[in-house]
Amino acid sequence: MEAPPVTAMPVTGGSIHMMEYLLQGSVLDQALESLLHRLRGLCDNMEPESFVDHEMVFLLKGQQGSPFILRARHSLDRPAVPWHLRYLGQPEVGDKSRHALVRNCVDVSASHSLHDFLLEMGFRMDHEFVAKGHIFRKGALKVVVFKLFRILLPGNTENTEPLSLSYLVELSVLAPAGQDTVSDDMRNFAEQLKPLVHLDKIDPKRLM
Amino acid sequence: MQQREEKQLEASIDALINRVAHLKNSLHSFIFKLENEYDRLTWPSVLDNFALLSGQLSTINKLMRSEKTPAFRNQVIIPLLLSPDRDEELAKLTEQRVPVFSHEIVPDHLRTKPDPEVEEQEKQLSTEAARIGPDVAQKQIQTLNKLCSNLLEKLNNPREDREAESSAMRQNKPTFNPADTNALVAAVVCGKGLSNHRPQGPGGTVLPGGGPMLSGGPNLQQVTMQRSTNQQAAMGGQGPPQQPGKMPSSIKTNIKSASMHPYQR
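These protein sequence lines map, in sequence, to chains A and B. Quick note: the first sequence uses the working numbering, first residue 616, plus one each step. Quick note: the second sequence uses the working numbering, first residue 963, plus one each step.
Below is the structure:
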């Protein structure tokens, strides 16, 4: 079950359809400090923000083959902040020369009863993880460096263990569909992080 | 003679006021920029501001050092009248920064010697310098000059062999692991390595309870051993095609029997 393509959605006013442009890479724990220093220099001058988020991925199995996936995220260190629900479409198979992974993205905020609501709707929680890291911004570019923690007992976010010895680095931009200059800006930014991190578009289908 | 000196003094003071006004303006705009646009400020523009300030300071220095300037040290300023009342003209002259010519502002504005702390530090430094003797001082100066010139040379001349040696250093310490990248992305996208909810493949043993299984244990072991030999045979291309299909069903029936009749075996 896939969201209908962008052109078929009725224009009822409100949100423009946003696409998420994404580049991903990773950095080993030892090199994290140098990466953070470099990002602090390159990105906008703000207080470095750190976050601890708990994300749950819900699946709804329809009659068709591929299930509908929704991602619900909430902050563990700022409990008053509303939950965040996100839908990510399949990556657009288009221009091979485009430098970033492009996929349809719908983001909404939700109340704290999101988990129960989704379960009542028939979604089933597929997996969950805790992400702890830092977020940087440069204009419209967002760089997130975080470590994934596996949750050992379902529902217990205290008892976690790191998934690997690396931090995942994601460079993303939310832009309306059709703006291809965005991926050029992203590639230029990614060049500046080499050789610490190689940010690349990683096709999720290749990893299945 | 006195008139000429007076004229010189006036001219040099005017020039000094001019330069200081320039400096004040650039400081003012820099502070404004730092306070209001700090989140959009880039390092090169901050450096530009500092360069401007340093240039203006050096012009002031040059002005003071020039021959046309009489020694200000010989002039003495004595406040003749101090009053706690607000002086409008003074306030206008100083852009509201000094509204009152009183006892509080005089020590700051008419100061001729440095702060007591600064004076202390300067005295310490000069006794230190006198203590080490001229030869040692000369050698230290030379080392400092050599270090600075080395550094400047390295910074100013990008050399190809420098690239080679830095890339060699980098190869010894990789900062990222592509396998980790793939593992992390797979975890974020499809939950690989994260979930305990998804049933594992046919090799997994998702058995309900331990007790009932003990009785079914030897059976299962037998079944799995047979299955593995079957698989080997199948891989060789010679195993009977029915048996791999039969094995899963026998496993299932074992489980069923064990779990439904725990006491009968």
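Glycine included, C-beta positions come from ideal geometry on N, C-alpha and C. None of the values given here were measured: they were computed from a predicted structure.
Delimiting residues of the beta strand (DSSP E) encompassing residue i
| i | result |
| --- | --- |
| Arg1027 (chain B) | No beta strand (DSSP E) holds Arg1027 (chain B); the alpha helix (DSSP H) holding it covers Trp1005 to Arg1027. |
| Lys757 (chain A) | Leu756 to Ile766 |
| His990 (chain B) | That residue, His990 (chain B), is in no beta strand (DSSP E); its alpha helix (DSSP H) goes Gln964 to Asn998. |
| Val1062 (chain B) | Premise fails: Val1062 (chain B) is in no beta strand (DSSP E) and is neither H nor E. |
Three-state class that DSSP yields for residue i in the structure shown
| i | result |
| --- | --- |
| Thr775 (chain A) | strand |
| Ile817 (chain A) | coil |
| Lys1154 (chain B) | coil |
| Cys658 (chain A) | coil |
| Gln639 (chain A) | strand |
| Phe1034 (chain B) | helix |
| His632 (chain A) | coil |
| Lys1108 (chain B) | helix |
| Pro791 (chain A) | strand |
| Ile750 (chain A) | strand |
| Val784 (chain A) | strand |
| Leu674 (chain A) | strand |
| Val812 (chain A) | coil |
| Asp668 (chain A) | strand |
| Asp644 (chain A) | helix |
| Ile1039 (chain B) | coil |
| Lys1135 (chain B) | coil |
| Pro663 (chain A) | coil |
| Asn1119 (chain B) | coil |
| Leu651 (chain A) | helix |
| Thr1143 (chain B) | helix |
| Pro1069 (chain B) | helix |
| Lys1101 (chain B) | helix |
| Leu1055 (chain B) | helix |
| Gly1165 (chain B) | Caution applies to Gly1165 (chain B), whose pLDDT of 36 falls short of 50 and renders its modelled position unreliable; the value that the coordinates give is listed next. Correct three-state label for Gly1165 (chain B): coil. |
8 Å contact criterion, which residue i and residue j should meet: CB distance rounded
| i | j | result |
| --- | --- | --- |
| Phe764 (chain A) | Pro777 (chain A) | 6 Å |
| Phe1012 (chain B) | Ser781 (chain A) | Not confirmed; about 39 Å, so no contact. |
| Pro819 (chain A) | Met633 (chain A) | With a Cβ gap of about 19 Å, Pro819 (chain A) and Met633 (chain A) do not count as contacting. |
| Leu637 (chain A) | Glu785 (chain A) | 7 Å |
| Leu1072 (chain B) | Ile1039 (chain B) | 6 Å |
| Ser779 (chain A) | Leu1146 (chain B) | 6 Å |
| Glu743 (chain A) | Val672 (chain A) | 7 Å |
| Tyr670 (chain A) | Arg688 (chain A) | The sequence shown places Glu at residue 670 (chain A), rather than the Tyr named in the question. The pair is a contact, with the Cβ atoms about 4 Å apart (cut-off 8 Å). |
| Thr796 (chain A) | Leu691 (chain A) | Between Leu691 (chain A) and Thr796 (chain A) the Cβ distance is about 36 Å, and since that is not below 8 Å, they are no contact. |
| Leu811 (chain A) | Arg653 (chain A) | 7 Å |
| Leu989 (chain B) | Leu1015 (chain B) | 7 Å |
Run of the alpha helix (DSSP H) containing residue i, from where it starts to where it stops
| i | result |
| --- | --- |
| Asp1047 (chain B) | That residue, Asp1047 (chain B), is in no alpha helix (DSSP H); it is neither H nor E in DSSP. |
| Phe804 (chain A) | Thr796 to Leu808 |
| Ala1091 (chain B) | Pro1078 to Ile1094 |
Chain-order list of residues whose beta-carbon lies under 8 Å from that of residue i (same chain, five-residue window excluded)
| i | result |
| --- | --- |
| Asp1047 (chain B) | Val1062 |
| Leu647 (chain A) | Val760 and Tyr782 |
Close beta carbons around residue i, own chain, < 7 Å, minus the five adjacent residues each side
| i | result |
| --- | --- |
| Arg655 (chain A) | Pro663 |
| Gln1204 (chain B) | Bear in mind that a pLDDT of 41 at Gln1204 (chain B), under 50, signals an unreliable position, so the number given afterwards is only what the model happens to contain. Closer than 7 Å at Cβ, skipping near neighbours: no residue. |
| Cys658 (chain A) | Phe751, Arg752, Lys753 and Val758 |
| Thr775 (chain A) | Val745, Phe764, Arg765, Ile766 and Leu767 |
| Leu971 (chain B) | Pro1032 |
| His1065 (chain B) | Leu1044 |
Cutoff 6 Å; reference residue i; Cβ partners in own chain excluding five residues on either side
| i | result |
| --- | --- |
| Pro1041 (chain B) | Val1068 |
| Ala1053 (chain B) | Pro1061 |
| Val723 (chain A) | Leu700 |
| Ser665 (chain A) | His749 |
| Glu707 (chain A) | Val717 |
| Val721 (chain A) | Tyr702 |
| His984 (chain B) | Gln1018 |
| Leu808 (chain A) | none |
| Leu1156 (chain B) | Ala1149 |
Proximity test, Cβ basis, 8 Å: residue i and chain D
| i | result |
| --- | --- |
| Val717 (chain A) | You won't find chain D in this structure, because its protein chains are A and B. |
4-residue-minimum alpha helix (DSSP H) runs that sit fully inside the segment 680–746 of chain A, ordered along the chain: Along the segment 680–746 of chain A, the alpha helix (DSSP H) occurs as fully enclosed runs of 4 or more residues at 729–736, listed in sequence order.
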